[in-house]
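The sequence shown begins at 47 in the working numbering and counts up by one.
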Amino acid sequence: MANMPSLVDMLKSGMHFGHTTSRWHPKMKPFIFGTRQGVHIINLEKTQEYLESALETLKGIASRGGVILFVGTKLQAQAPITKYAQACDMPFVQNRWLGGTLTNFVQIKQTLKRMKMLKDQRDKGELRKYTKKEQLMISREIEEMEEKFGGIENLTRVPDAVFIIDVKTEKTAVQEAMRSRMEKPQPQRPRRMCV
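Now the structure itself:
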């Protein structure tokens, strides 16, 4: 599998360290290998299995022309999210998740349409007919919209999948994706062979 980290790479990068044993959820028991000094050790084989499954799901969506929305608003995630989303020519959210981006997409689409219209007017010089104060207010509105909607400017429909870096930080994005019934990656179960 291309670009999939090996178990040794995952071990070296510290992917096996979980949270303290006091902060666990019983549903995570199958993914916990053991405990060491009050910290859960994550089962890297299961992690690799689910990573491969997620990669296959995303490849399938992208190959059939689907849209994957990348979300990462944490400071450490903003630059990589922007870089990789632009490399894939996919939409992204890097500054702040706007509530209703998935569940109220009709309104988001209208706002994106207004932003494009204002930018076109600015580029064609049609804003000269307004007073200086009105021009300033319109340019500030464009800047504000670009900051909020810059990564999803070309989004024309609800995305087929959402790639979220930190599900704890992006709780609203996770809830909206679940309400939108997005495709969830499922690990392939090994088939038993009868002899």
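Backbone N, C-alpha and C fix where the C-beta goes; we use that ideal spot for every residue, glycine too. Just so you know, these numbers come straight off a predicted model, no measurement behind them.
Anticipated Cβ contact below 8 Å, residue i with residue j, distance rounded
{"i": "Val253", "j": "Thr157", "result": "In this structure the chain extends from 47 to 241, so residue 253 is not present and cannot be described."}
{"i": "Glu193", "j": "Asn141", "result": "6 Å"}
{"i": "Met56", "j": "Gln94", "result": "7 Å"}
{"i": "Ile188", "j": "Lys165", "result": "6 Å"}
{"i": "Ala123", "j": "Asp212", "result": "7 Å"}
{"i": "His9", "j": "Leu101", "result": "Outside the shown range of the chain, which is 47 to 241, sits residue 9, and nothing can be said about it."}
{"i": "Glu98", "j": "Met50", "result": "6 Å"}
{"i": "Leu104", "j": "Ala207", "result": "6 Å"}
{"i": "Ser226", "j": "Leu173", "result": "So it is not a contact: roughly 37 Å between Cβ atoms."}
{"i": "Phe77", "j": "Lys92", "result": "5 Å"}
Continuous alpha helix (DSSP H) stretch holding residue i: start and end
{"i": "Phe195", "result": "178–195"}
{"i": "Arg225", "result": "217–225"}
{"i": "Thr157", "result": "151–170"}
{"i": "Arg58", "result": "The sequence shown places Lys at residue 58, rather than the Arg named in the question. Lys58 -> alpha helix (DSSP H) spans 53–59."}
Coarse secondary structure for residue i, derived from DSSP in three states
{"i": "Ile210", "result": "strand"}
{"i": "Met239", "result": "Its pLDDT being 41, under 50, Met239 is placed unreliably in this model, and the value from its coordinates should be taken loosely. Three-state DSSP puts Met239 in coil, outside helix and strand."}
{"i": "Val204", "result": "coil"}
{"i": "Met47", "result": "Only weak support is given to the placement of Met47: the predicted model assigns it a pLDDT of 47, under 50, and the question is left unresolved by the model."}
Terminal residues of the beta strand (DSSP E) in which residue i lies
{"i": "Thr66", "result": "63–66"}
Option nearest residue i by Cα separation, candidates the options
{"i": "Phe209", "options": "Phe116, Met224, Gly80, Lys73", "result": "Phe116"}
{"i": "Ala223", "options": "Ile114, Pro76, Ile78", "result": "Ile114"}
{"i": "Leu60", "options": "Ile87, Met136, Thr81", "result": "Strictly speaking, residue 60 in this sequence is Gly, with Leu absent from that position. Selected option, being the one with the closest Cα: Ile87."}
{"i": "Leu144", "options": "Met191, Pro51, Lys58", "result": "Met191"}
{"i": "Phe195", "options": "Lys214, Thr177, Arg160", "result": "Arg160"}
{"i": "Ala131", "options": "Lys217, Thr215, Leu201, Gln221", "result": "Leu201"}
{"i": "Lys217", "options": "Ser109, Leu182, Gly146", "result": "Gly146"}
{"i": "Ala108", "options": "Thr66, Met136, Gln153", "result": "Met136"}
{"i": "His65", "options": "Val204, Val85, Arg186, Gly80", "result": "Val85"}
{"i": "Val152", "options": "Gly106, Arg203, Ser68, Lys73", "result": "Arg203"}
{"i": "Leu53", "options": "Gly197, Tyr96, Glu180, Lys129", "result": "Tyr96"}
{"i": "Gly112", "options": "Thr215, Thr177, Pro205", "result": "Pro205"}
Residue i beta carbon near the ligand NAD (any heavy atom closer than 8 Å)
{"i": "Met61", "result": "The model depicted lacks the ligand NAD and carries no ligand whatsoever."}
**Prompt:** Fully enclosed by the segment 70–129, which beta strand (DSSP E) runs are 3 residues long or longer?
**Reply:** Runs of the beta strand (DSSP E) inside the segment 70–129: 78–82, 85–88, 114–117.
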